[in-house]
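A.B. asks:
Residue numbers (the numbering used here): 5 to 219.
#1: I'd like to check one pair, residue 70 with residue 40: are the Cβ atoms closer than 8 Å?
#2: Which residues does DSSP pair with residue 74 in a beta bridge?
#3: Based on DSSP bridge pairs, tell me the residues matched to residue 14.
#4: Check whether the segment 120-134 touches the segment 154-171, counting contact only when three or more Cβ pairs, one atom from each stretch, lie closer than 8 Å.
#5: Within 8 Å, do at least three Cβ pairs link the segment 18-37 to the segment 59-78?
#6: Can you have a look at residue 51 and say buried or exposed, based on whether 16 or more other CB atoms are within 10 angstroms of its CB?
#7: Pull up the DSSP beta-bridge partners for residue 112, would you.
#8: Please name the residue or residues paired with residue 164 in a DSSP beta bridge.
#9: Using the three-state DSSP reduction, which class does residue 140 fall into: helix, strand or coil?
#10: Flag this pair as yes or no: are the beta carbons of residue 139 and residue 169 separated by less than 8 Å?
#11: What are the start and end residues of the alpha helix (DSSP H) that includes residue 170?
#12: To the nearest angstrom, how far is the alpha carbon of residue 184 from that of residue 213?
#13: Among the candidates 9, 10, 16, whose CA atom is the shortest distance from the CA of residue 198?
#14: Go through its chain and collect everything with a Cβ distance to residue 80's Cβ below 6 Å, but skip five positions before and after it.
#15: Below 8 Å on the Cβ atoms is my contact criterion, and I expect residue 206 with residue 12 to pass it. Report the Cβ-Cβ distance as a whole number of Å.
#16: Could you round the C-beta distance between residue 202 and residue 26 to whole angstroms and report it? I think they count as a contact, below 8 Å.
#17: Report the three-state DSSP secondary structure of residue 211 (helix, strand or coil).
#18: Just how far apart, CA to CA, sit residue 78 and residue 8?
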């Protein structure tokens, strides 16, 4: 299996940005310390998605950060990305795993303990759980309680990341929950300086990890 660090999982949002500005912000986030990155493009054609993924992947490789493609196994394979992420309405984890093989990353979005256990049993390498808070992205979200997040962490032996509206001001709600890291979109993409934002969020995520290890 491909090894990865989920401490600061950066998820992109290109809404309203030129390609040049988008790629600049991606690079700043990686320079700031993002440890894992997902390219999320809900509205592009397959050809457009591949075009952008190739450019993002070339940046990610320079920083040795694995690239995860949201939803699209075909785009992940076409661009030789390190992994794919699927939601509850996307391709089942078991099929994604079969197509991606054993040496790439397969992640899944889950919102309940049964969904989490099923994703793990089908071969998921990590889980994204949320939304913890309402989000400003175009992705439809259903809120997940921190109690459910905690229960999911206890139910599966793979990394579990919290996602949904997380930013430097509201991470305390995750204190003591044995997550592997945080997933962040707007707090980086919409920051004045994505590098500074990523650096701060990485430090805060590590603080959450250290509190868990001390217990």
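Even for Gly, the Cβ is constructed at its ideal location relative to N, Cα and C.
Just so we're clear, the structure is a prediction, and the values are computed from it rather than from any experiment.
C.D. replies: In short:
#1: Taking 8 Å as the cut-off, the beta carbon of residue 40 is found closer than this to the beta carbon of residue 70.
#2: Residue 74 pairs with 89.
#3: The bridge partners DSSP lists for residue 14 are 41, 188.
#4: Note that the segment 120-134 touches the segment 154-171; at least 3 beta-carbon pairs, one per stretch, sit closer than 8 Å.
#5: These segments touch.
#6: The residue is exposed, with fewer than 16 neighbouring Cβ atoms inside 10 Å.
#7: DSSP lists 90, 131 as partners of residue 112.
#8: For residue 164, which the question treats as bridged, DSSP gives the partners 131.
#9: Looking at residue 140 - three-state DSSP - the assignment turns out to be coil, as it is neither helix nor strand.
#10: In this structure, residue 139 lies near residue 169, with their beta-carbon atoms less than 8 Å apart.
#11: Element bounds for residue 170: n/a, residue is neither H nor E.
#12: So the two alpha carbons sit approximately 7 Å from each other.
#13: If we check each option's Cα against that of residue 198, 16 comes out closest.
#14: So the list reads 73, 88, once near-sequence residues are dropped.
#15: About 4 Å; that satisfies the 8 Å criterion.
#16: About 15 Å; that fails the 8 Å criterion.
#17: In this structure, DSSP gives residue 211 a helical state, which the three-state scheme calls helix.
#18: The C-alpha of residue 8 is placed about 21 Å away from the C-alpha of residue 78.
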